[in-house]
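Enquirer:
Residue numbers (UniProt numbering), protein chains in the order written: chain A, 1 to 270; chain B, 1 to 162.
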C-alpha cells in the first residue's frame, strides 16, 4: 500500500474512533541487561490486531532519544510488505525513548449533497480550504492532528528520559515504564500542550487479540490531574491508545486539535 | 546514673541478639528431564514496604541473562551493579544446598526487628520459573517455615536461629 493510501485510510479512521487504526513500535526487548553494549530490534506497523503486524510504516521517521537526551536514528532498517523493522544499538545505560517523528497534519472535513457521509481533504488547513472546497460544502471543519507512536526500552538501570515537548497530546510516565508489573498499580499522566489534561480516553489492549473472542480492552479516562492508574492481572505486552480532541478558538489553521498516542509497554512477571 | 547503665546494658543485649541471629536456608533445586541448564537463582529479603534490604544469593551466568531473573533484576539488580558483583556466584546443578547467613542488610548492618519477606526466584533457560515468597518477622525468637515445592524446587525450609 502506498503511503498516500495509508494516510488516507488513517485519516478516515481517525475521524471515526470506533474504527481507529492502531500503530505501534514493538521492540524485541523492553528491558535488557548487559555489561557493555547490546543490540535490539523493533517492528513498526499499522494494524488493528494487537500485536499481529499488518502494514509497514514509518521506519524513515523512527527516532531514538538516548538516556542522555541526544537524538539518534536506527543503525539500519527494512521495509517489508507487512512491517518495517529497525536495528537499534543500545550503547549506554539508561532508558531510551523510541518514537515516530510526526508533524501536525491538517484534515478538512465537509458534507455535500450527492455524496454520502463526511468527505475529507488531506493537508488542507483553515487557511487554504476556501480554494479547495467544492461549492455548497456544508459543516466544514478543519482538524489539526498529531499522533505519537512510542515506547521505552531500558538497558540496566532506568532513568526518567521522557523528553516531553509540551506540544499536543503527550504521555508522561509516573510509574517508570520498566516498572510496570503484574498486579502492581501503574500510573501515567496525560498532558495537552504541556498541561495535565482531564478527560483523555485511554484503552489498554493486551497482546494476542487474534486468539480470544473478547478484546477485553481496559478503558480508563484521565482525572483532574490528567492521571490514569491501572493494575494489570496478567504479565505481558500491551498497547495503550489514548485519544483527545479539543476545539480551538482564534486559530488561523484549524477549528479542532486532536491528538493520539500509541504506547507499547510490557507488564513484567511478578 | 543507674538509668544510663540500664540503657547501655539493654542496648548491648539487643545488639548482641541482632548480630547473633542467623538465617538457615535450604535451596533444593528439582531434578528435571530433558535438556537441562543450571537455573539462575536469586534470594533476597524485602522490608514491609517492598524495598530490598539484602540479597542473600545470586547464582548466575553472563550479564545477558541477569534480566531473566525478572523480579530480582527489576527490583534490585539493575540499580546495584556493585552488589551484583559482590554476591555473584556460579550456577549449580539440581540438588539440595544448605546455606547460612547473618541477619545483616546489604551494608553489613544488623536488620532492625520487624516484618520482612523472603523472596526466592529460580529461572531455568529453556525451562520454567518459580517465585517463592515467605513473610517472616525478626522479633528475637527462633522460627522456621516450610517452603512449598514448585516445578523448579523441592519443598525446603527457611529458619531464623537466635
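Every residue, glycine too, gets a C-beta built ideally from N, C-alpha and C.
Nearest-angstrom Cα distance between residue 108/B and residue 83/B?
Expert: Here residue 108/B is taken as the residue at index 108 of the second chain, counted from 1. Here residue 83/B is taken as the residue at index 83 of the second chain, counted from 1. Their Cα atoms are separated by approximately 12 Å.
Enquirer: Relative to the C-alpha of residue 38/A, which residue among 64/B, 100/B, 86/B and 140/B is closest?
Expert: As a working note, residue 38/A is residue 38 in the first chain. Looking at the Cα atoms, 64/B is the closest of the given residues.
Enquirer: Let me check understanding here. Comparing Cα to Cα, which of 240/A, 235/A and 236/A lies closest to residue 229/A?
Expert: For the purposes of this step, residue 229/A is taken as the residue at position 229 of the first chain. Nearest option by C-alpha distance: 240/A.
Enquirer: In whole angstroms, what separates the C-alpha of residue 91/B from that of residue 81/B?
Expert: Numbered from 1 along the second chain, position 91 holds the residue referred to as residue 91/B. Numbered from 1 along the second chain, position 81 holds the residue referred to as residue 81/B. Looking at the two C-alpha atoms, the distance is approximately 18 Å.
Enquirer: Please confirm whether residue 63/B has its beta-carbon closer than 8 Å to some beta-carbon of chain A.
Expert: As a first step, residue 63/B is located in the second chain; it is residue number 63 there, counting from the start. So yes, residue 63/B belongs to the interface.
Enquirer: Please report the distance separating the alpha-carbon of residue 169/B from that of residue 33/A.
Expert: Here chain B comprises residues numbered 1 to 162, so residue 169/B is not present and cannot be evaluated.
Enquirer: Would you grab the beta carbon distance between residue 92/A and residue 66/A for me? Rounded to a whole angstrom, and I think it's under 8 Å.
Expert: Position 92 of the first chain, counting from 1, holds the residue named residue 92/A. Position 66 of the first chain, counting from 1, holds the residue named residue 66/A. Right, their Cβ atoms sit about 7 Å apart.
Enquirer: Can you pull out the residues from the segment 27–42 of chain B whose beta carbon lies closer than 9 Å to at least one beta carbon of chain A?
Expert: If the cut-off is 9 Å between Cβ atoms, the segment 27–42 of chain B has nothing near chain A.
Enquirer: By Cβ distance, which residues of its chain are closer than 8 Å to residue 94/B, with the 5 residues on each side in sequence left out?
Expert: Translated into positions along the second chain, residue 94/B becomes position 94. Same-chain partners within the cutoff: 29, 30, 31, 32 and 36.
Enquirer: Helix, strand or coil: which one does DSSP assign to residue 84/B?
Expert: Against the second chain, residue 84/B aligns to sequence position 84. Residue state, collapsed to three classes: helix.
Enquirer: In chain order, what residues of the same chain lie with their CB nearer than 6 Å to the CB of residue 15/B, ignoring the 5 residues before and after it?
Expert: On the second chain, residue 15/B is found 15 positions in, with the first residue counted as 1. In this prediction, residue 15/B scores a pLDDT of 48, lower than 50, which makes its location untrustworthy; the coordinate-derived value is nonetheless stated afterwards. Cβ neighbours of residue 15/B beyond the five flanking positions: none.
Enquirer: At 9 Å on the CB atoms, spell out the chain B contacts of residue 269/A, in chain order.
Expert: One-based indexing of the first chain puts residue 269/A at position 269. What residue 269/A touches in chain B: 70, 71, 129 and 131.
Enquirer: Kindly indicate if chain A contains any beta-carbon less than 8 Å away from that of residue 58/B.
Expert: Taking the second chain and counting its residues from 1, the one referred to as residue 58/B is at position 58. No, residue 58/B lies away from the interface with chain A (no Cβ there is under 8 Å from its Cβ).
Enquirer: Taking only beta-carbon positions, decide if residue 156/A is within less than 8 Å of chain B.
Expert: Residue 156/A sits at position 156 when you count from the first residue of the first chain. Yes - at least one Cβ of chain B is within 8 Å of the one on residue 156/A.
Enquirer: Give the DSSP bridge partners of residue 122/A, in chain order.
Expert: If you number the first chain from 1, residue 122/A lands on position 122. Answer by DSSP bridge pairing, in chain order: 107/A.
Enquirer: Please list, in chain order, the chain B residues whose beta carbon lies closer than 8 Å to that of residue 33/A.
Expert: The residue you call residue 33/A lines up with position 33 of the first chain. Those within 8 Å of residue 33/A in chain B are 63, 64, 65, 66, 67, 73, 77 and 78.
Enquirer: State yes or no: is the beta carbon of residue 126/B nearer than 8 Å to at least one beta carbon in chain A?
Expert: Residue 126/B sits at position 126 when you count from the first residue of the second chain. Judged by the 8 Å Cβ criterion, residue 126/B is not in contact with chain A.
Enquirer: At a Cβ cut of 8 Å, what residues of the segment 158–183 of chain A count as close to chain B, listed as they run along the chain?
Expert: Answer in chain order: 158, 178, 179 and 181.
Enquirer: Would residue 16/B count as contacting chain A if we go by Cβ distances under 8 Å?
Expert: Looking up residue 16/B in the second chain gives position 16. Annotation note: pLDDT 45 at residue 16/B (below 50); position unreliable, coordinate value reported separately. Output row for residue 16/B: interface = no.
Enquirer: So what does DSSP say about residue 47/B, is it helix, strand or coil?
Expert: Residue 47/B sits at position 47 when you count from the first residue of the second chain. Of the three classes helix, strand and coil, the one that applies to residue 47/B here is strand, per DSSP.
Enquirer: Count the CB pairs spanning the segment 141–150 of chain A and the segment 180–192 of chain A that are closer than 8 Å, and state whether there are at least three.
Expert: Touching, no, given that fewer than three Cβ pairs across the two stretches are closer than 8 Å.
Enquirer: Going by DSSP, what residues sit across from residue 89/A in a beta bridge?
Expert: For the purposes of this step, residue 89/A is taken as residue 89 along the first chain, with counting starting at 1. Partner(s): 39/A.
Enquirer: So what's residue 258/A in DSSP terms, helix, strand or just coil?
Expert: Position 258 of the first chain, counting from 1, holds the residue named residue 258/A. The answer is strand: DSSP assigns residue 258/A an E or B state.
Enquirer: Take every Cβ of the segment 99–109 of chain A, pair it with every Cβ of the segment 54–72 of chain A, and state whether three or more of those distances are shorter than 8 Å.
Expert: Cβ pair count under 8 Å is three or more, so yes.
Enquirer: Looking only at DSSP bridge pairs, what is residue 26/A linked to?
Expert: Position 26 of the first chain, counted from the start, is the residue given in the question as residue 26/A. In the DSSP output, where bridge partners are listed per residue, residue 26/A has 43/A.
Enquirer: Let me know the secondary structure DSSP gives residue 33/B once reduced to three states.
Expert: Start at 1 with the first residue of the second chain, and residue 33/B comes out as number 33. Coil.
Enquirer: Note down the Cα distance separating residue 117/B from residue 46/B, rounded to an integer number of angstroms.
Expert: For the purposes of this step, residue 117/B is taken as residue 117 along the second chain, with counting starting at 1. For the purposes of this step, residue 46/B is taken as residue 46 along the second chain, with counting starting at 1. So the two alpha carbons sit approximately 5 Å from each other.
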